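J.: First residue of the sequence shown? That's 2 in this note's numbering, and the numbers climb one at a time after it.
For glycine and all other residues, C-beta sits at the position ideal for the given N, C-alpha and C.
None of the values given here were measured: they were computed from a predicted structure.
One structure, pasted below without further comment.
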Amino acid sequence: MMMPPPESKLSLTAPEKAILVKWVRQGAEWKKHWAFIPPIKALLPKVQNSDWPENEIDHFVLHRLEPMGLSPSDKAEKRVLIRRLSFDLTGLPPSLEEIQRFEEDQSANAYEQLVDRLLASPKYGERWCWEWLDVARYADTNGFQGDPTRNMWPWRDWVINAFNQNMPYDQFTVQQLAGDLFPNAATDHILATAFNRNHMYNGEGGRIPEETRVENVFDRLETMSTTWLGLTVGCSRCHDHKFDAISQKEYYQFYDYFNQTSEEGIGYHGQVAPILDLSPPEKIEKVAKLQKYVDEISTKVADKELHKFPRSEDLPASESAAAADLDGDNLYALGYTPNQRNPYYIGLLQNYYQERDPEYATLLKDLKDAKNNRDQQSSENLQVMVMDQLEHPRATYVLERGAYNKPMEQVTRNVPEVLPDLPENVTNDRLALARWLVSREHPLTARVTINRYWQNFFGNGMVKTIEDFGVQGALPTHPGLLDWLAVDFMESGWDLKAFFKKIVMSATYKQSSKVTAALLEADPENKYFARATRMRWPSWMLRDQALRISGLMVDSIGGPSVNPYQPSGVWEEATFGKIKYYQDHGDALYRRTLYTFWRRIVGPTILFDNASRQICTVKASRTNTPLHALTTLNDITFMEAARVMASRVLNAENGDKARLTMAFELATSRRPHVHEFNILEQRLQKLRIEYSGSIAEAKKIISIGEHPVDLALNTTDHAAYTALCSLLLNLDETLTRQ
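Here it is, written out as structure tokens:
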């Protein structure tokens, strides 16, 4: 037998076979996979063009380019740089005032001052929060068919604040994974652990609670692994895999860290215990009293059942029930085995006893009413799902093929053998695991983090497979740079803002995105960073851009999610008519997309190429389809932004020349060239003619959306400029990172 078989056309070539033979003769030393070796901060490599590097990043990039015969691209123009910087660091375009200030500042440190202003902006936290929400699979509902609403937005606000305060990434990690286990944990520490509860929650009828609970633990483990380890461990829940660094047994040892919460897997409502109640103290106390009342009645019901209806001995299945040829109203024969005590049989027996014992029936009714009262009050409170730790540990087993009801070998928690050991003399719990992840000896966390954030600035990571640093993942294009930055990140105190500043201060980042035919042929994917990466802005940034440049955006930070414009019937169609979308009005329509309500089974309709928020996502997809243009050309949000932008331009300037220049600059952050201005002017004149001949159409286009119409403006002019602004919002340069 030959593998791969000859017909596969994947057989090794003679030179490849020779390499293997040589390796065997030399002792066949099996080296540890690169990602599992701790990074080191090597000396900066020497380069021929010593004038180009502006910081350490550039030395590594140029060292890779020079042997390939490639040279870096020219530096981008100031207006390109401020637009790129503003989007990259805050998710928003620069204002005209910011552009003018930067363009007129000829000081040597003008660029660095701009960087510092953007890093200090509260918009910075909102921009980087979005990326983290994708990682954390954040949404405002539980998912599945019922898709009930949950309150996780306080955790979202915690993330915004953490980024704006530049919380060290190691603390950011530990608090979210195990803040509840801090000695004397503060409310914020417990709230942070909502990260672990952002998963979907299956509360559908007939769902087995333990199955749901186990699936949730799987999700927590695999989210942690993808986020901090860059390892895909999902296969290991079912079997050992020769390509995975983690065996099935090690998977469940890892799993044990997340298997010790009091969660029971029963989730018919939005919030599922354990929860953190962030309501005023008096409301929390009211729920506590209602719970105490529920407990008291539950005890009475249990006592009644135990004393009046004692359980008989378990009989063999063949003898547990006998059919008798008898008559009478009180005759009720039911046979079941002990392992059949499910809700159906329990309910059947309760109905039987209620019919024959009025006192028992009254107790059950009181219990039901008390629970409904408690649940109603709880639903009005601001409760967030968080983590806790069982007082008595739950046993963890290897599960046969991941099946919740097929336990095999019992295991105790531990970290995988391929990674460093936990420190000695520590309590081996989730807190120890979180601290272990951000220890200086850990080979993965800093590398994975650096690589994931790097892609936001350059389009790709140095390791292309952002989610997979394992043996089947891609090799790093710049291993020395990745390791240097990882160590520097840890040495800086896990300072994200310092890392971002290092990136944007580099000559590598400041390059133009213009590409020659030779460069495109040598490096079509820009893996070696000889130019800036040109790519479509994410759809959420496009919506925010439209709101910002029109003047519609409401800048308030935090708070409950909002319901902006959405086509009618979308929620109803997805939920069989059970859930209706109630659009908000006023300021809620114009908040950043970060605050848009996210229904798990059907996300915001204005977005495309976005994470589903059903699982951890560390790399967004990029597509180019007509759906993009159909959205930005026709969606009410973009059309309303165009008309309000037109109103802004008409009120700010006199004469078409100044107005057209301002509109173009708002959209692209630069002034139009002469030929571009001529095209705009010609188009404006055609639009004026069209709308002067159809005042009804003119009134229609300037009435889109709920923002008040500026009645002081000439209807024809307003309509013409609205259509022109819509065109500008859809320019490739407006939609694309240059």
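#1: For I276, which beta-bridge partners are listed by DSSP?
#2: Note down the Cα distance separating G271 from T262, rounded to an integer number of angstroms.
#3: Taking its Cβ as the centre, do 16 or more other Cβ atoms sit within 10 Å of W154, making it buried, or is it exposed?
#4: What did DSSP end up calling Q411 once you bin it into helix, strand or coil?
#5: If you draw a straight line from the alpha carbon of Y337 to that of S440, how long is it in whole angstroms?
#6: Three-state secondary structure (DSSP) at L365?
#7: Skipping 5 residues on each side, what residues in its chain have a beta carbon closer than 7 Å to that of K79?
#8: Might you give, ordered along the chain, the residues of its own chain that have their beta carbon closer than 6 Å to the beta carbon of V160, omitting 5 neighbours on each side?
#9: Is the closest heavy atom of the ligand SAM to the C-beta of A630 under 7 Å?
#10: So, using beta-carbon positions, are M506 and N50 closer together than 8 Å?
#11: Measure the Cβ-Cβ separation of N203 and E264 and say whether it is below 8 Å.
#12: Please tell me whether F196 and H190 are closer than 8 Å, where the distance is taken between their beta carbons.
#13: So what does Y398 bridge to, in DSSP terms?
#14: Residues bridged to Q512 by DSSP?
#15: I need the boundaries of the alpha helix (DSSP H) containing Y112, first residue and last residue.
#16: Should R453 and G460 be called a contact, given that it needs their Cβ atoms to be closer than 8 Å?
#17: Run through DSSP, which three-state label would V603 get?
#18: Given a threshold of 16 other Cβ atoms within 10 Å of its Cβ, counted over all protein chains shown, does I31 qualify as buried or as exposed?
#19: Where does the unbroken alpha helix (DSSP H) through P210 begin, and where does it stop?
#20: For the alpha helix (DSSP H) containing D718, name the first residue and the last one.
#21: Assign T576 to one of three DSSP states: helix, strand, or coil.
#22: Could you have a look at T597 and say whether DSSP puts it in helix, strand or coil?
#23: To the nearest angstrom, how far is it from the Cα of G28 to the Cα of D422?
#24: Can you have a look at N340 and say buried or exposed, based on whether 16 or more other CB atoms are within 10 angstroms of its CB?
#25: Which complete alpha helix (DSSP H) runs does the segment 12-50 hold, if anything under 4 residues is left out?
#26: Span of the alpha helix (DSSP H) holding F501?
#27: In the DSSP assignment, the alpha helix (DSSP H) including Q686 goes from what residue to what residue?
#28: For P6, which of helix, strand or coil comes out of DSSP?
#29: Helix or strand or just coil, what does DSSP make of T517?
#30: I'd like the span of the alpha helix (DSSP H) that includes D469, first residue to last.
#31: By the three-class DSSP mapping on this structure, what secondary structure does M536 have?
#32: With DSSP as the reference, identify every bridge partner of R84, one or two as the case may be.
#33: Might you give, ordered along the chain, the residues of its own chain that have their beta carbon closer than 8 Å to the beta carbon of T737, omitting 5 neighbours on each side?
#34: Would you please state the rounded distance, in angstroms, between the beta carbons of L86 and R549? I believe it to be under 8 Å.
#35: Is it a yes or a no for the segment 224-241 touching the segment 430-448, going by three-plus beta-carbon pairs under 8 Å?
#36: Decide if M409 is buried, meaning its Cβ has at least 16 other Cβ atoms within 10 Å, or exposed.
T.: A quick look at the data gives this:
#1: For I276, which the question treats as bridged, DSSP gives the partners M386.
#2: Their Cα atoms are separated by approximately 18 Å.
#3: Burial call: buried.
#4: Correct three-state label for Q411: strand.
#5: Unreliable positioning characterises Y337 in this predicted model, as indicated by a pLDDT of 48, which lies under 50. The coordinate reading is nonetheless provided below. Spanning the two alpha carbons is a distance of roughly 54 Å.
#6: Residue state, collapsed to three classes: helix.
#7: Taking C-beta separations shorter than 7 Å and ignoring five residues to either side along the sequence, the partners of K79 in its chain run F103 and E104, following chain order.
#8: The residues are C130 and W133.
#9: The ligand SAM is not part of the structure shown, which contains no ligands of any sort.
#10: Inclusion of M506 and N50 in the CB contact set at 8 Å is not warranted, their separation being larger than that value.
#11: No, these two residues do not count as a Cβ contact at 8 Å.
#12: Inclusion of F196 and H190 in the CB contact set at 8 Å is not warranted, their separation being larger than that value.
#13: In the DSSP assignment, Y398 forms a beta bridge with Q411.
#14: Note: Q512 sits in a beta bridge opposite K76.
#15: A111 to A121 is the span of the alpha helix (DSSP H), which, as asked, contains Y112.
#16: Cβ distance not < 8 Å, so R453 and G460 don't count as in contact.
#17: DSSP, read as helix, strand or coil, puts V603 in strand.
#18: First, the amino acid is wrong: residue 31 is Trp here, not Ile. So W31 ends up on the exposed side.
#19: It spans P210 to M225 - the alpha helix (DSSP H) in which P210 sits, taken as one unbroken run.
#20: Residues T716 to L730.
#21: Note: T576 maps to coil in three-state DSSP.
#22: When secondary structure is reduced to three states using DSSP, T597 falls in the strand class.
#23: In this structure, the straight-line span from the alpha carbon of G28 to that of D422 is close to 29 Å.
#24: Residue placement at N340 is flagged as unreliable, the pLDDT there being 46, under the threshold of 50; the coordinate-derived value follows with that caveat. Burial check for N340: the Cβ neighbour count within 10 Å stays below 16, so the residue is exposed.
#25: With a minimum length of 4 residues, the continuous alpha helix (DSSP H) runs that stay inside the segment 12-50 are 15-26.
#26: Where F501 is concerned, the enclosing alpha helix (DSSP H) stretches over L497 to V505.
#27: Here the alpha helix (DSSP H) through Q686 covers V675 to S693.
#28: Looking at P6 - three-state DSSP - the assignment turns out to be coil, as it is neither helix nor strand.
#29: Here T517 sits in coil by DSSP.
#30: Careful: D469 lies outside any alpha helix (DSSP H) and carries neither H nor E.
#31: Taken through DSSP and simplified to helix, strand or coil, M536 comes out as strand.
#32: None, per the DSSP bridge assignment.
#33: Excluding positions up to five away in sequence, the list reads R535, M536, R537 and W538.
#34: Between R549 and L86 the Cβ distance is about 15 Å, and since that is not below 8 Å, they are no contact.
#35: Yes: the two stretches touch, three or more of their Cβ pairs being nearer than 8 Å.
#36: The Cβ neighbour count for M409, taken over all protein chains shown within 10 Å, is under 16; the residue is labelled exposed.
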